[in-house]
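Note sheet for the following structure.
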Amino acid sequence: MTEWGWVAFAYVVGYVSFLLYAGSIAWRSHKLRRAIERAE
Amino acid sequence: MKVQTRVRTWPWVAIAFSLVVALALSLVSPRDDVQGELVRIMYLHVPAAWLAYVAFFITFLGSVAYLLTKHLRWDRLAAASAEIGVFFTGLTLVLGMIWGKSTWGIPWTWDARLTLTAIMFFVYLGYLALRRTTDDQVLRASRAAVLGVLGAVQIPLVHFSVVWWRTLHQPPSILRPDGPAIQDPLMMVTLVTGVVAFTVIYASLMVKRIELLHLEEQLAEIERSTERPVAGEAVVVPELGRNP
Chain A
563 MTEWGWVAFA YVVGYVSFLL YAGSIAWRSH KLRRAIERAE
Chain B
479 MKVQTRVRTW PWVAIAFSLV VALALSLVSP RDDVQGELVR IMYLHVPAAW
529 LAYVAFFITF LGSVAYLLTK HLRWDRLAAA SAEIGVFFTG LTLVLGMIWG
579 KSTWGIPWTW DARLTLTAIM FFVYLGYLAL RRTTDDQVLR ASRAAVLGVL
629 GAVQIPLVHF SVVWWRTLHQ PPSILRPDGP AIQDPLMMVT LVTGVVAFTV
679 IYASLMVKRI ELLHLEEQLA EIERSTERPV AGEAVVVPEL GRNP
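Have a look at this one:
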C-alpha cells in the first residue's frame, strides 16, 4: 500500500469509529427519551 | 411526562467543527523528511492518546471526589469519562498498529509502551464491567471509585514508559523533558490544534454522556415507582372504615 493509502486507511478507521461511537450516544439518548415519555 | 434533561445540540456542532479543522490541517501540513506522508497519522494518534490520559485523569478526580463527598454527581463524571477514555485508548491502539505496520513493518510488538497501553485499556474495560455488576447505585459508585483511583497509576507509567525503558515506540513528541521534538512550525501548529480539537471533542462528549446517565437514572426511577406487586410479594392492605 502507498503512504497515502495508509494515511487514508488510518483516517477512515479513526473517523468512522468515532462517528459510530458518537452516534451510539445520540441513539441511546433518543431511545431513552422515547422510553421515558412512553412510561408516563 | 416531560423529559427532565433538555437536549443540547451545541456539543454536536463543536464536535463537527473540531473534526473538520483537525482533518483540514492534517492534510495541508508538510510531509516529513523521514516518515514521508505517514507522519499525518500522528495528528490522529497523538491527540487520541492525549484524550485517553485526560479522560482517565478526570475519572481519577471524579473517583476521589466521590470517595470524599459520596455525591453521585462525581460518580457520573468518573463513569462518563472512563467510557470515553476506553474508546480513545482503543482508537490509539488501532491507529498505532496501522502506523506501526506502515513504518516498522509490524503492527504489534511487546514493548513497554504498547503493552502498558493495552493493559490500561483492559483495566478500564474492567472498570466499565465492574459498574454493571450491581444495580445498587451507592455500591456501584464505591466499587468503581476505588478502581478509578488505583487505575490512574497507569497514566504516568504509560507516558514515561518510553523514557524509562528501551522501546521500539518513539519517545514523546511534545511532553518531553528537553522540549518538543517537532521543529517544523506548521507541523507543531497542526499537532497542537489536533490536541485542542480533541479536547473540545472530549468536553462535548462528556456533556452528552452525562446527559445519557441522567436519562438512564430517570427511567430507572420511573420504573421503580411504577412497579406492581407480584404473586407472593407483600401487599399493603388499605385501612378499612376510612373515607377515600
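Chains A and B, in that order, give the protein sequences.
Quick note, in the numbering used here, the first sequence goes up one by one and the last residue is 602.
Quick note, in the numbering used here, the second sequence goes up one by one and the last residue is 722.
From the three backbone atoms N, C-alpha and C, an ideal C-beta is built for every residue, glycine too.
Bear in mind that the values here come from a model prediction, so they are computed numbers and not experimental data.
Within chain A, partners of residue i - CB distance below 8 Å
{"i": "Gly514 of chain B", "result": "Glu565"}
{"i": "Leu573 of chain B", "result": "Ala572, Val575, Gly576"}
Where residue i falls, given that 16 or more other Cβ within 10 Å makes a residue buried
{"i": "Ile597 of chain B", "result": "exposed"}
{"i": "Glu701 of chain B", "result": "exposed"}
{"i": "Ile587 of chain A", "result": "buried"}
{"i": "Asn721 of chain B", "result": "Any answer about Asn721 of chain B is weak, because its pLDDT of 49 lies below 50 and its placement is not dependable; what the coordinates show is given next. Answer is exposed; the Cβ neighbour count stays below 16."}
{"i": "Ser703 of chain B", "result": "exposed"}
{"i": "Ala527 of chain B", "result": "buried"}
{"i": "Arg486 of chain B", "result": "exposed"}
Reduced DSSP secondary structure (H/G/I, E/B, other) of residue i
{"i": "Gly657 of chain B", "result": "coil"}
{"i": "Asp510 of chain B", "result": "strand"}
{"i": "Glu705 of chain B", "result": "coil"}
{"i": "His647 of chain B", "result": "coil"}
{"i": "Tyr521 of chain B", "result": "helix"}
{"i": "Ile493 of chain B", "result": "helix"}
{"i": "Pro663 of chain B", "result": "helix"}
{"i": "Ile597 of chain B", "result": "helix"}
{"i": "Trp586 of chain B", "result": "coil"}
{"i": "Arg591 of chain B", "result": "helix"}
{"i": "Val670 of chain B", "result": "helix"}
{"i": "Thr677 of chain B", "result": "helix"}
N- and C-terminal bounds of the alpha helix (DSSP H) containing residue i
{"i": "His592 of chain A", "result": "565-601"}
{"i": "Ile576 of chain B", "result": "550-581"}
{"i": "Arg621 of chain B", "result": "615-629"}
{"i": "Trp642 of chain B", "result": "632-642"}
Closer than 7 Å at the beta carbon, the chain A residues around residue i
{"i": "Glu689 of chain B", "result": "Ser591"}
{"i": "His493 of chain B", "result": "Here residue 493 of chain B is Ile; the residue named in the question, His, does not match the sequence. The contacting residues are Ala584."}
Beta-carbon neighbours of residue i, restricted to chain A and to distances below 9 Å
{"i": "Trp577 of chain B", "result": "Trp568, Ala572"}
CB contact below 8 Å: residue i versus chain C
{"i": "Leu569 of chain B", "result": "Looking for chain C here will not work: the only protein chains present are A and B."}
* Can you give me, in chain order, the residues of the stretch 569-594 of chain A that have a beta carbon less than 8 Å from any beta carbon in chain B? => Taken in chain order, the members of the stretch 569-594 of chain A whose beta-carbon sits within less than 8 Å of a beta-carbon on chain B are Val569, Phe571, Ala572, Tyr573, Val575, Gly576, Tyr577, Ser579, Phe580, Tyr583, Ala584, Ile587, Ala588, Arg590, Ser591, Leu594.
* Under 7 Å (Cβ pairs) to chain A, residues found in the stretch 579-598 of chain B -> Answer in chain order: Ser580.
* Select from the stretch 518-540 of chain B all residues with a C-beta closer than 7 Å to any C-beta belonging to chain A, and list them in chain order. => Residues passing the 7 Å Cβ filter: Arg518, Ile519, Leu522.
* Asked: Closer than 8 Å, Cβ to any Cβ of chain A: which residues of the stretch 550-565 of chain B, in chain order?
  -> So the list reads Phe565, given in the order they occur along the chain.
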